[in-house]
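Below is one structure, written out as structure tokens, with a few remarks after it.
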Amino acid sequence: MAKRYLIETFGCQMNFHDSERMAGLLEAAGYEPAAAPAEADVIVLNTCTVREKAEDKVFSRIGELRQEAEAAGVQPVVAVAGCLAQQEGATIFRRSPFVDVVVGTQAEKHLPKLVDRARATSSRQIDINPYDDVSFPLGVTLRTDPVKAYVTIIEGCNDFCAFCVVPYTRGHERMRPKADIMAEVAGAVASGRREVQLLGQIVNHYQAPDDRACDFSGLLEAVNGVEGIARIRFASPHPRHVSDRLIDAIGNLPHVCKHIHLPVQSGSTRLLQVMRRRHTREDYLELVAQLRARVPGIQLSTDMIVGFPGETDSDFEETLSLAEAVGFHSMFSFKYSERPNTLAARRLPDDVPEDEKTRRLAVLQDRQKERQAALHRAAIGTTVEVLVDSVSRRRDTELSGRTTGNTVVNFPGAERLLGMIVPVTIERAGAHSLWGRLSASVS
Ligand code: SF4
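Quick note on numbering: the sequence shown equals residues 15 to 457 in the numbering used here.
Written out as structure tokens, the structure is:
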């Protein structure tokens with residue numbers, strides 16, 4: 015009987031996509047998916063360390079899995095992959111006797127070999143070597159989303175923002191050849207995926223190693239030309255690399271969505287300098303003005319940190335006023351937490367009291383919620399184009415999808431509309447999504 019695997023993913027889209035690749039590798043090695051941990055011969059936890067909370071979650075999940083395995087009388091091989099594996103290495107074995115394999119972010123390709131070796135020799139296996147190779151066997155990715163395909167174009171980051179662990183966990187920046195990316199995009203579209211999301215830590219820093227004339231805007235143009243593609247998104251760009259050419263590409267290429275997730279992190283230029291973000295409040299607001307002027311209707315989202323070392327009341331007020339001035343359609347906001355090895359952890363005291371961080375986060379999130387609700391209310395009565403990307407698990411007549419601006423829209427409809435772009439007239443609005451009805455033109 016074939017051995018069975020289960021992968022649990024923590025963290026971002028990049029990790030979600032890495033899990034798709036590891037699933038493909040395990041299936042190529044003869045494994046089949048398991049429905050539950052108690053049925054799995056190998057359990058992979060693909061981890062995240064961007065926030066302290068995410069890291070805590072992984073260790074508590076390992077504890078739960080151990081209890082479940084003991085209760086079921088099974089002994090799966092347990093592998094920890096991703097950023098926590100890269101950051102903590104063999105320390106994970108000391109913290110959890112239940113873990114058999116530790117595989118770093120650049121060693122994913124060796125997962126099946128490490129699992130087999132752990133099983134065959136009953137010994138722990140670790141590979142956290144910094145492999146430079148960014149190639150991955152084409153076609154191995156096991157895409158679980160029927161509508162969207164994630165395609166990595168850059169691995170790693172060289173920016174070393176003071177709070178960020180990514181350059182330490184994902185390594186230095188490595189660009190994938192354009193030819194590999196285009197082959198993967200073409201394969202995803204040929205298999206029925208309508209939307210492609212290009213991924214990189216600084217996605218708009220892309221420069222094709224196999225085509226010197228092709229930067230990120232050039233890549234968008236090439237992907238836009240793929241027959242059958244409906245939508246293109248990308249995450250995450252850095253404000254300082256948003257060129258005029260990129261703004262024009264977003265505005266002019268028909269399949270590129272009119273949405274940009276543009277992490278700002280703080281509204282205070284003083285604090286942005288301490289964070290080593292290499293952009294100012296003024297640069298950011300000017301960039302937003304350019305985007306709005308040249309891409310009518312574009313929607314913006316962002317990432318914010320509150321309580322970064324040294325953040326004063328007036329820095330925080332500037333964060334609130336920047337959010338107000340931009341009018342973000344959505345925001346991921348977090349309390350600062352020290353991450354190992356980072357410049358902030360080494361040099362800056364974590365001096366904003368925890369209850370003050372909590373207060374600031376609540377104020378920021380409350381205002382964002384009000385702003386989102388107001389922006390969404392303004393859409394009532396309009397008709398928007400929605401790419402249907404899921405069917406509700408609770409009610410199979412409720413569909414869900416996104417507008418080009420990345421707003422979630424729910425509406426009644428048949429499952430056969432999955433993957434289609436349909437017009438929906440908005441009738442109701444909440445802080446996180448819209449509800450509507452298919453316009454009369456769709457039967
Ligand atoms: S640019 Fe992004 S990924 Fe790179 S160090 Fe800064 S926050 Fe981290």
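Here a beta-carbon is modelled for each residue, glycine too, at the ideal position from N, C-alpha and C.
Quick one: give me the first and last residue of the beta strand (DSSP E) that residue i is part of.
i, result
"Gly433", "Unbroken run through Gly433: none, as it is neither H nor E."
"Thr166", "Lys162 to Thr166"
"Ser347", "Ser344 to Lys349"
"Met318", "Gln313 to Val320"
"Asn29", "Run containing Asn29: none in the beta strand (DSSP E); it sits in the alpha helix (DSSP H), Gln27 to Ala42."
"Thr23", "Arg18 to Thr23"
"Ser414", "Glu412 to Arg416"
"Arg157", "Per DSSP, Arg157 belongs to no beta strand (DSSP E) and is neither H nor E."
"Ala93", "Val91 to Gly96"
"Ile195", "Element bounds for Ile195: not the beta strand (DSSP E) but the alpha helix (DSSP H), Lys192 to Ala204."
I need the boundaries of the alpha helix (DSSP H) containing residue i, first residue and last residue.
i, result
"Asp403", "That residue, Asp403, is in no alpha helix (DSSP H); its beta strand (DSSP E) goes Thr397 to Val405."
"Val179", "No alpha helix (DSSP H) contains Val179, which DSSP labels as neither H nor E."
"Ile4", "Examination of residue 4 is not possible in this model, given that the chain is present from 15 through 457 alone."
"Glu82", "Glu66 to Ala86"
"Ile140", "Not the alpha helix (DSSP H): Ile140 falls in the beta strand (DSSP E), residues Gln139 to Asp141."
"Ile261", "Asp258 to Asn266"
"Glu368", "Glu368 to Arg391"
"Ser447", "From DSSP, Ser447 is part of no alpha helix (DSSP H) but of the beta strand (DSSP E) over Ser447 to Leu452."
"Arg360", "Leu357 to Arg361"
When the Cα of residue i is compared with those of the options, which residue comes out closest?
i, options, result
"Gly281", "Val288, Thr316, Leu260 and Leu336", "Leu336"
"Thr166", "Arg247, Ala227 and His124", "Arg247"
"Val88", "Asp32, Gly77 and Ala54", "Ala54"
"Ala163", "Asn172, Ser137, Gly153 and Gly170", "Gly153"
"Phe107", "Lys123, Ser137, Ala121 and Pro90", "Ser137"
"Ile312", "Thr418, Leu299, Tyr350 and Lys349", "Thr418"
"Arg109", "Lys383, Val94, Glu332 and Ile21", "Val94"
"Asn172", "Leu362, His252, Leu375 and Ala42", "His252"
"Arg157", "Phe30, Val288 and Val302", "Phe30"
"Glu399", "Arg451, Ala428 and Lys349", "Arg451"
"Gln379", "Asp365, Asp364, Leu357 and Met345", "Met345"
"Leu79", "Cys62, Gly96 and Pro111", "Pro111"
"Val92", "Asp258, Arg75 and Gln101", "Arg75"
"Met15", "Cys26, Ala227, Met28 and Gly44", "Gly44"
"Leu276", "Arg284, Ile261 and Phe150", "Ile261"
"Gln81", "Pro51, Ile21 and Gly232", "Pro51"
"Ala37", "Glu102, Asp114, Asp70 and Glu122", "Glu122"
"Arg259", "Asp225, Asp146 and Val309", "Val309"
"Pro144", "Ser315, Asp194, Glu41 and Arg184", "Arg184"
"Glu46", "Ser315, Pro126, Glu84 and Leu59", "Pro126"
"Leu213", "Ala249, Arg188, Glu187 and Asp225", "Ala249"
"His273", "Arg381, Asp364, Arg306 and Pro151", "Arg306"
"Cys175", "Arg361, Arg188 and Ser404", "Arg361"
"Gln279", "Ser315, Val438, Met196 and Val402", "Ser315"
Assign residue i to one of two classes, buried (16 or more other C-beta atoms within 10 Å of its C-beta) or exposed (fewer than that).
i, result
"Arg208", "buried"
"Lys67", "exposed"
"Asn355", "exposed"
"Glu300", "exposed"
"Gly427", "buried"
"Arg416", "buried"
"Asn218", "buried"
"Ser231", "buried"
"Thr333", "buried"
"Cys304", "Here residue 304 is Gln; the residue named in the question, Cys, does not match the sequence. Answer is exposed; the Cβ neighbour count stays below 16."
"Arg407", "exposed"
"Ala227", "exposed"
"Asp70", "exposed"
"Asp329", "buried"
Below 8 Å on the Cβ atoms is my guess for residue i versus residue j; work out the distance and round it to an integer in Å.
i, j, result
"Gln215", "Ile264", "Actually they do not touch by this definition, with Cβ atoms about 19 Å apart."
"Thr155", "Arg35", "5 Å"
"Ala99", "Val117", "6 Å"
"Val179", "Val64", "6 Å"
"Cys97", "Thr61", "6 Å"
"Pro151", "Met189", "Going by Cβ atoms, the distance from Pro151 to Met189 rounds to 18 Å, so no, they are not a contact pair."
"Asp365", "Glu352", "Going by Cβ atoms, the distance from Asp365 to Glu352 rounds to 11 Å, so no, they are not a contact pair."
Say yes only if the C-beta of residue i is nearer than 7 Å to one or more non-hydrogen atoms of the ligand HEM, and no if none qualify.
i, result
"Gln215", "Judged by which ligands are present, the ligand HEM is missing from the structure shown, whose ligands are the ligand SF4."
When the Cβ atoms of the stretch 323 to 339 are set against those of the stretch 259 to 276, are three or more pairs found closer than 8 Å? These segments do not touch.
Given 8 Å, three or more beta-carbon pairs between the stretch 398 to 417 and the stretch 359 to 374: Pairwise C-beta distances place the stretch 398 to 417 out of contact with the stretch 359 to 374, as fewer than three of them are shorter than 8 Å.
Does the structure place the stretch 386 to 406 close enough to the stretch 325 to 345 that three or more beta carbon pairs sit under 8 Å? Touching, yes.
On the three-pair Cβ rule with 8 Å, is the stretch 236 to 252 touching the stretch 201 to 219? Enough Cβ pairs lie closer than 8 Å, so yes.
Would the stretch 435 to 451 and the stretch 416 to 426 be scored as touching if the rule is three or more Cβ pairs under 8 Å? Cβ pair count under 8 Å is three or more, so yes.
Count the C-beta pairs between the stretch 290 to 306 and the stretch 391 to 402 that are closer than 8 Å, then say yes if the count reaches three, no if not. A contact between stretches requires three or more CB pairs, one per stretch, nearer than 8 Å, and the stretch 290 to 306 fails this requirement with the stretch 391 to 402.
Three-pair Cβ contact test at 8 Å for the stretch 376 to 385 versus the stretch 223 to 242: No: the two stretches stay apart, fewer than three of their Cβ pairs being nearer than 8 Å.
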